[in-house]
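See structure below.
Residue numbers (the numbering used here), protein chains in the order written: chain Z, 1 to 269; chain W, 1 to 332.
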């Protein structure tokens with residue numbers, strides 16, 4: 001699952017259009033758009049709003065094996081041209097001084113940049129960094145649910161010393177739209193990473209079938225999960241194994257049967 | 001493939017840092033205050049990071065030289081280790097560095113002079129007795145050599161301290177810089193090997209056995225002291241034939257009489273480490289094998305371990321003189 005988090009609808013619109021996301025009418029706290037294994041949430045302006053949106057959507061998707069995040073929006077810059085897109089590699093909260101480091105992935109197209117998250121709009125572009133109002137809240141919250149490799153920020157420069165386009169919604173959408181292919185490539189790379197993490201998780205359906213076979217103590221469940229995770233990641237057929245386990249008389253027998261299968265499988269390395 | 005470079009702002013102008021940045025000029029550089037900001041946070045995925053780690057250029061402020069853990073070393077009385085790097089460029093599944101830290105990024109500490117001062121102090125404390133400094137505990141000593149120029153600094157340093165010995169532990173073939181230096185008999189380059197099957201399945205990114213054997217040969221021919229480390233010996237159904245093959249490959253090129261030391265030990269990890277590795281690599285057969293817990297250490301059941309060690313020792317002794325053998329004893 002990839003979740004896009006944008007402050008404003010005009011920032012999210014290029015993504016909504018590109019991936020043909022559909023507005024969800026079941027949710028009221030935030031505007032939400034849904035697609036195939038992808039969501040886009042409109043948080044509202046500011047780091048608190050962004051953090052709240054992340055927490056809200058993560059809580060509603062706690063069944064997901066892994067979530068990847070992209071905070072997409074516009075930013076101010078003292079030195080970069082309008083329309084330049086950046087992948088954030090450092091996020092600093094201007095109020096608290098907290099620093100976060102989304103992990104850059106090799107081969108990403110967008111250049112990296114630091115971003116300073118402010119509580120109030122400012123046009124004092126004095127530092128060699130981007131300026132926004134959401135990134136620190138977004139990343140603070142998203143890191144509670146995912147790792148720094150799966151938590152990314154993409155910002156497009158909308159304002160600099162010479163030009164201010166950040167308040168024109170159509171222009172904001174256009175600036176992001178012009179970078180949509182690079183954004184899509186970055187998103188695809190992130191989705192691939194996320195699939196790798198999600199692919200290691202135990203399939204909830206087969207797990208439920210497994211633990212329904214006997215009464216397992218918590219310690220036994222921990223052991224069972226390790227064994228099941230191993231075997232399911234080794235292309236063992238879940239149904240075949242479950243069929244075999246149905247003949248076992250107790251939790252201990254099930255575990256020892258799975259141990260034996262693991263030992264046999266691992267003998268060749 | 002390295003993804004990016006982090007550098008502590010304070011050392012950006014350090015000559016060693018500047019040289020590193022020149023070498024890494026095609027990578028994005030991110031300034032940080034302290035390496036811990038990037039290296040220590042919990043919300044990191046070691047497995048994902050290991051694919052494209054970053055390099056962190058940093059200064060080590062304390063703990064430059066530490067007492068080696070009990071049982072580590074070659075039987076000397078005074079054993080210390082130091083780490084000019086943390087983490088390894090290689091991806092060996094059995095290695096305790098997998099998951100030792102939250103991050104898979106590689107830290108390069110550049111204040112070699114501070115390490116040197118501390119080594120001199122430690123050696124002075126044991127005046128007249130041999131003091132061992134092990135450099136390959138938290139990293140591969142030579143794998144990043146073209147970048148770190150570690151040997152250029154530390155070998156002359158050890159050579160200048162009469163009672164200092166240093167072990168460089170490596171799986172790399174990066175010996176070119178050593179070949180340019182005057183050999184020092186108190187510097188032992190110890191090459192780690194596992195059998196060809198374990199190498200193929202578990203040592204991702206590690207140079208081939210043949211290339212490493214050749215690196216050993218070149219060092220020996222240049223007058224350097226080298227050692228062999230068969231640690232860990234990993235169980236699999238063909239381990240016996242594979243171990244014989246490994247020994248044959250090594251000893252057709254390397255003269256056993258020229259070896260300083262040879263050690264051998266079976267796969268083992270602390271329980272906490274083992275659990276961490278199972279979480280990171282749940283599909284790894286090595287961790288699905290039959291293991292036992294003994295005194296906080298996860299390892300093969302005693303009988304299997306004894307059988308493996310006895311077999312490998314017997315094969316090894318067909319090649320090497322007994323006095324150069326140092327078994328890795330870890331059972332209490």
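C-beta: ideal position from N, C-alpha, C; glycine also. Because the structure is a prediction, the values reported are computed rather than measured.
Quick test of your reading: residue 28 (chain W) and residue 78 (chain Z), contact by CB under 8 Å. State the CB separation rounded to the nearest angstrom. Actually they do not touch by this definition, with Cβ atoms about 19 Å apart.
Expressed to the nearest angstrom, what Euclidean distance is found between the alpha-carbon atoms of residue 230 (chain Z) and residue 243 (chain Z)? Their backbone Cα atoms lie some 18 Å apart in a straight line.
Grab the span of the alpha helix (DSSP H) containing residue 291 (chain W) for me, first residue to last. No alpha helix (DSSP H) contains residue 291 (chain W), which DSSP labels as neither H nor E.
Are the segment 68–75 of chain W and the segment 162–180 of chain Z touching by the rule of at least three beta carbon pairs closer than 8 Å? No, because fewer than three Cβ pairs between the segment 68–75 of chain W and the segment 162–180 of chain Z fall closer than 8 Å, the two stretches do not touch.
Alpha carbon of residue 117 (chain Z) to alpha carbon of residue 50 (chain Z), nearest angstrom: The C-alpha of residue 117 (chain Z) lies about 12 Å from the C-alpha of residue 50 (chain Z).
In terms of DSSP beta bridges, what is residue 225 (chain W) paired with? W:188
With distances taken between CB atoms, is the gap from residue 54 (chain W) to residue 4 (chain W) smaller than 8 Å? yes
Could you give the C-beta distance for residue 273 (chain W) and residue 39 (chain W), rounded to a whole number, given that I count them as a contact under 8 Å? Not a contact, Cβ separation roughly 18 Å.
So which of W:182, W:87 and W:43 has the shortest CA-CA distance to residue 142 (chain W)? W:87
Can you pull the chain Z residues whose beta carbon is under 7 Å from the beta carbon of residue 277 (chain W), in chain order? Those do not exist, as residue 277 (chain W) stays about 11 Å from chain Z at its closest Cβ, beyond 7 Å.
Of all the residues that make up the segment 255–268 of chain Z, which are near chain W by a beta-carbon distance shorter than 7 Å? Residues 262, 263, 265, 266, 267 and 268.
Alpha-carbon spacing of residue 254 (chain W) relative to residue 247 (chain W), whole angstroms: 10 Å
Closer than 8 Å, CB to CB, is residue 193 (chain Z) near chain W or not? yes
Scan the segment 81–122 of chain W and note each continuous beta strand (DSSP E) run of 3 residues or more that stays entirely inside, going in chain order. You should have 106–109.
Have a look at W:282, W:62, W:284 and W:300 and flag the residue whose alpha-carbon is nearest the alpha-carbon of residue 269 (chain W). W:300
Proximity below 8 Å, CB of residue 267 (chain W) to CB of residue 230 (chain W): no
List, in order along the chain, the chain Z residues whose C-beta lies closer than 9 Å to that of residue 290 (chain W)? 259, 262, 263 and 266
Residue range of the beta strand (DSSP E) that includes residue 30 (chain W): 29–32
Chain-order list of residues whose beta-carbon lies under 8 Å from that of residue 152 (chain W) (same chain, five-residue window excluded): Excluding five sequence positions before and after residue 152 (chain W), the CB atoms of its chain that fall closer than 8 Å to its own CB belong to 177 and 181, given in chain order.
Is it the case that the CB of residue 164 (chain W) approaches a heavy atom of the ligand MG more closely than 7 Å? The ligand MG is not among the ligands present in this structure, which contains no ligands whatsoever.
Quick one, are the C-beta atoms of residue 164 (chain W) and residue 123 (chain W) less than 8 Å apart? yes
Kindly indicate which residue of Z:128, Z:247 and Z:41 has the alpha-carbon position closest to the one of residue 13 (chain Z). Z:41
N- and C-terminal bounds of the beta strand (DSSP E) containing residue 34 (chain Z): 31–35
Identity of the residue in Z:59, Z:262 and Z:96 nearest residue 142 (chain Z) by Cα: Comparing Cα positions, the closest option is Z:59.
Beta-carbon within less than 6 Å of residue 324 (chain W)'s beta-carbon, same chain only, minus the 5 sequence neighbours each way: which residues are those? 259, 261 and 262
With three or more C-beta pairs closer than 8 Å as the rule, is the segment 28–39 of chain Z touching the segment 117–130 of chain Z? No: fewer than three Cβ pairs fall under 8 Å.
How is the alpha helix (DSSP H) around residue 264 (chain Z) delimited, first residue to last? 251–266
Is residue 203 (chain W) helix, strand or coil by DSSP? strand
Hey, is the segment 56–65 of chain W in contact with the segment 102–109 of chain W, meaning 3+ C-beta pairs nearer than 8 Å? yes
Answer yes or no: does any C-beta atom of chain Z fall closer than 8 Å to that of residue 43 (chain W)? Cβ-Cβ to chain Z under 8 Å: yes for residue 43 (chain W).
Looking at the secondary structure, which residues open and close the alpha helix (DSSP H) in which residue 338 (chain W) lies? The first residue shown for chain W is 1 and the last is 332, placing residue 338 (chain W) beyond what the model contains.
Since residue 90 (chain Z) meets chain W, which of its residues come closer than 7 Å, beta carbon to beta carbon? Chain W residues near residue 90 (chain Z): 30.
Using a Cβ cut-off of 7 Å, pull out every chain Z residue sitting near residue 135 (chain W), in sequence order please. Neighbours of residue 135 (chain W) across chain Z, judged by C-beta separation under 7 Å, do not exist; the nearest C-beta is about 28 Å away.
Would you list the one or two residues that DSSP bridges to residue 40 (chain Z)? Residue 40 (chain Z) pairs with Z:4 and Z:33.
Please go through the same chain and pick out, in chain order, the residues whose beta-carbon is closer than 6 Å to the beta-carbon of residue 169 (chain W), but skip the five residues on each side of it. Within its own chain, the residues whose Cβ lies closer than 6 Å to the Cβ of residue 169 (chain W), once the five positions on either side in sequence are excluded, are 136, 141 and 190, listed in chain order.
Determine, using beta carbons only, whether residue 147 (chain Z) comes closer than 8 Å to chain W. Yes - at least one Cβ of chain W is within 8 Å of the one on residue 147 (chain Z).
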